[in-house]
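Position one of the sequence shown corresponds to residue 0 (numbering that gives the first Met the number 0), numbered consecutively onward.
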Amino acid sequence: MSENSNKRPEMERITTPELAEKFIAEQLDALRAQIGEGRVLLALSGGVDSSVVAALLIRAVGKQLECVHVNHGLMRKGESEQVIEVFQNQLGANLTYVDAADRFLDKLAGVADPEQKRKIIGAEFIRVFEEEARKLEGIGFLAQGTIYPDIVESGPVKSHHNVGGLPEDLKFELVEPLKFLYKDEVRVVGKALGLPDSMVYRQPFPGPGLGVRCVGAITRERLAAVRESDAILREEFAAAGLDKRVWQYFTVVPPVTSTGVRDGRRVDAWPVVIRAVNTRDAMTAEVEPLDWPLIQKITSRILAEVPGVNRVLYDMSPKPPATIEWE
Ligand code: XMP
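Structural data, given as structure tokens:
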């Protein structure tokens, strides 16, 4: 590799379907030249970048691609199902689905420190992926959804999206077809490859998933409250047309309870916090001024549909001083 192999070459910004088609055609040639008859492994999280890499590789080398989707139990509602539906059922990819939820949640039991939680999730992810990689024979290449900002900035990290830290015998040759693209270009390419809008225009989702939104030590019950309330929020945002306009929106459930009443009895239950922010670079962020009727509708649905919850709050805090996530 030359010294400048990490510098974006002179190229037009990919803003149109035509430019995306041109990029795709070039990449198909380059990928076939690099991979030949070899087999390629890809950790497919369902995020925009790994999804676009998968779609490109399916076109380039078809069944020579082996996708592994690790469900760490911290995915949003319906997310793993969508990965299976799109890549295995519709695009015919080789896909190994690993339901590792119990493994992750057992390791995380009682761990309240956010950095410790991230470390456990990252390390366990590598371990599960490594186990799956060892079961597959003749792998020569590891594909990754690295994009240009990952190379030039050390900004908000994708700590375990990119599978670093594999042992020596699993250090395959890297395949990184998106490494000179910006996020908006990746989306244009994904659209041209026929991926669904819900995948291509997906809001950012942290590697540790819902784990950092189930604040403190994760319990299955509170995690379910995060997942169900997040699903309701996403559904209502989509219905209101906010899903493509608001940068990031999610719910958080802190490990506190407050008194409420249900069926005439006092019951302690959790609050659900709604967070919806806009930002350019995630270094600062402003709160989305939501319409009152929409907040009321989301509140009623969460209180009616999510067990263990008796209050809904709207997080009004910009970044700084708050961060976007709660931990
Ligand atoms: P904060 O909370 O630091 O988040 O304002 C800025 C952006 O980074 C995302 N984020 C993460 N992404 N692994 C990730 O891949 C992480 O551990 C992580 N923590 C925060 C966050 O969702 C927001 O988009």
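The C-beta atom is built at its ideal place from N, Cα and C for all residues, glycine as well. Computed from a predicted structure; not experimentally measured.
> How about Pro-148: is its Cβ closer than 7 angstroms to a heavy atom in the ligand XMP?
Replying inline: In the sequence shown, residue 148 corresponds to position 149, counting from 1. Within the chosen limit of 7 angstroms, the ligand XMP does not reach the beta carbon of Pro-148 with any heavy atom.
> Under the rule that 16 or more other beta-carbon atoms within 10 Å means buried, what is Gln-63, buried or exposed?
Replying inline: The sequence position of residue 63 within the sequence shown is 64, counting from 1. Label assigned to Gln-63: buried.
> With contact counted as at least three CB pairs below 8 angstroms, one residue from each stretch, are the stretch 240 to 255 and the stretch 88 to 98 in contact?
Replying inline: no
> Going straight from the alpha carbon of Lys-157 to that of Gly-210, what length do you get?
Replying inline: Walking along the sequence shown from the start, residue 157 turns up at place 158. Walking along the sequence shown from the start, residue 210 turns up at place 211. Confidence at Lys-157 is low in this model, with a pLDDT of 49, below 50, so its placement is unreliable and no value can be given for it.
> My guess is that Pro-253 and Val-272 are in contact by the Cβ rule of under 8 angstroms, so how many angstroms apart are they, rounded?
Replying inline: For the purposes of this step, residue 253 is taken as residue 254 along the sequence shown, with counting starting at 1. For the purposes of this step, residue 272 is taken as residue 273 along the sequence shown, with counting starting at 1. Contact between Pro-253 and Val-272 holds, with the beta-carbon distance rounding to 7 angstroms and staying under 8 angstroms.
> Alpha carbon to alpha carbon, how far is Phe-22 from Glu-65?
Replying inline: Mapped onto the sequence shown, residue 22 falls at position 23. Mapped onto the sequence shown, residue 65 falls at position 66. Cα-Cα distance, rounded: 23 angstroms.
> Given a threshold of 16 other Cβ atoms within 10 Å of its Cβ, counted over all protein chains shown, does Ser-44 qualify as buried or as exposed?
Replying inline: The residue labelled residue 44 in the question sits at position 45 within the sequence shown. Of the residues assessed, Ser-44 falls on the buried side of the cut-off, its CB having 16 or more other CB atoms within 10 angstroms.
> Where does the unbroken alpha helix (DSSP H) through Phe-22 begin, and where does it stop?
Replying inline: In the sequence shown, counting from the first residue as 1, residue 22 sits at position 23. Phe-22 -> alpha helix (DSSP H) spans 16 to 34.
>> Please tell me whether, using a cut-off of 7 angstroms, the distance from the CB of Gly-215 to the nearest non-hydrogen atom of the ligand XMP is below it.
In response: Walking along the sequence shown from the start, residue 215 turns up at place 216. It does not: the Cβ of Gly-215 is nowhere closer than 7 angstroms to a heavy atom of the ligand XMP.
> Mind checking whether the beta-carbon of Gln-115 lies closer than 7 angstroms to any heavy atom of the ligand MG?
Replying inline: The ligand MG is absent from the structure shown, which contains only the ligand XMP.
> Per DSSP, what kind of secondary structure is Tyr-248 in: helix, strand or coil?
Replying inline: Start at 1 with the first residue of the sequence shown, and residue 248 comes out as number 249. Of the three classes helix, strand and coil, the one that applies to Tyr-248 here is strand, per DSSP.
> Can you name, in chain order, every residue of its own chain whose Cβ lies under 7 angstroms from the Cβ of Val-328, other than the five neighbours on each side?
Replying inline: Since the first residue shown for the chain is 0 and the last is 326, residue 328 is missing from the structure and cannot be characterised.
>> Does the structure place the stretch 25 to 45 close enough to the stretch 120 to 139 that three or more beta carbon pairs sit under 8 angstroms?
In response: yes
> Do the stretch 308 to 318 and the stretch 278 to 285 make contact, defined as three or more Cβ pairs closer than 8 angstroms?
Replying inline: With the cut-off at 8 angstroms, the stretch 308 to 318 and the stretch 278 to 285 touch.
> Alpha carbon to alpha carbon, how far is Leu-104 from His-71?
Replying inline: Against the sequence shown, residue 104 aligns to sequence position 105. Against the sequence shown, residue 71 aligns to sequence position 72. Their Cα atoms are separated by approximately 8 angstroms.
>> So that I know if they touch, is there some Cβ in chain C lying closer than 8 angstroms to that of Gly-137?
In response: In the structure shown, chain C cannot be found, because there is only a single protein chain.
>> Going by the DSSP bridge assignment, what does Pro-270 pair with across the sheet?
In response: Sequence index remark: in the sequence shown, residue 270 carries index 271 (1-based). Answer is Arg-310, bridged to Pro-270.
> Does the Cβ of Glu-123 have 16 or more other Cβ atoms within 10 Å, making it buried, or fewer, making it exposed?
Replying inline: As a first step, residue 123 is located in the sequence shown; it is residue number 124 there, counting from the start. It is buried - the Cβ of Glu-123 has at least 16 other Cβ atoms within 10 Å.
> In chain order, what residues of the same chain lie with their CB nearer than 6 angstroms to the CB of Ser-338, ignoring the 5 residues before and after it?
Replying inline: Nothing in the structure corresponds to residue 338, since the chain is present only between 0 and 326.
>> What would DSSP say about Arg-265, mapped onto helix, strand or coil?
In response: By 1-based counting over the sequence shown, the position of residue 265 is 266. The answer is strand: DSSP assigns Arg-265 an E or B state.
> For Thr-258, which option in Ala-268, Gln-115, Trp-325, Thr-250 has the closest C-alpha, if you only look at C-alpha atoms?
Replying inline: One-based indexing of the sequence shown puts residue 258 at position 259. Closest by alpha carbon: Ala-268.
>> Considering Cα atoms alone, identify which of Phe-249, Glu-304, Phe-128, Gln-33 is closest to Pro-166.
In response: The count along the sequence shown starts at 1 and reaches residue 166 at position 167. When each option's Cα is compared against that of Pro-166, the closest is Phe-128.
> Which residues bound the alpha helix (DSSP H) around Phe-124?
Replying inline: Sequence index remark: in the sequence shown, residue 124 carries index 125 (1-based). From DSSP, the alpha helix (DSSP H) with Phe-124 extends over 113 to 134.
> When the distance is taken between beta carbons, is Ser-228 closer than 8 angstroms to Thr-256?
Replying inline: Working through the sequence shown from its first residue, we reach residue 256 at position 257. Working through the sequence shown from its first residue, we reach residue 228 at position 229. No, Cβ-Cβ distance for Thr-256 and Ser-228 is not below 8 angstroms.
> Cβ of Val-225 within 7 angstroms of any heavy atom in the ligand XMP?
Replying inline: For this step, residue 225 is matched to residue 226 along the sequence shown. Every heavy atom of the ligand XMP is 7 angstroms or more from the Cβ of Val-225, so no.
>> Going by DSSP, what residue range makes up the alpha helix (DSSP H) through Tyr-96?
In response: Residue numbering aside, residue 96 sits at position 97 when the sequence shown is read from its first letter. Per DSSP, Tyr-96 is not a residue of any alpha helix (DSSP H); the beta strand (DSSP E) it occupies stretches across 93 to 98.
> Quick one: is Gly-193 buried, meaning 16 or more other Cβ sit within 10 Å of its Cβ, or exposed?
Replying inline: On the sequence shown, residue 193 is found 194 positions in, with the first residue counted as 1. Looking at its Cβ environment, which holds fewer than 16 other Cβ atoms inside 10 Å, Gly-193 is exposed.
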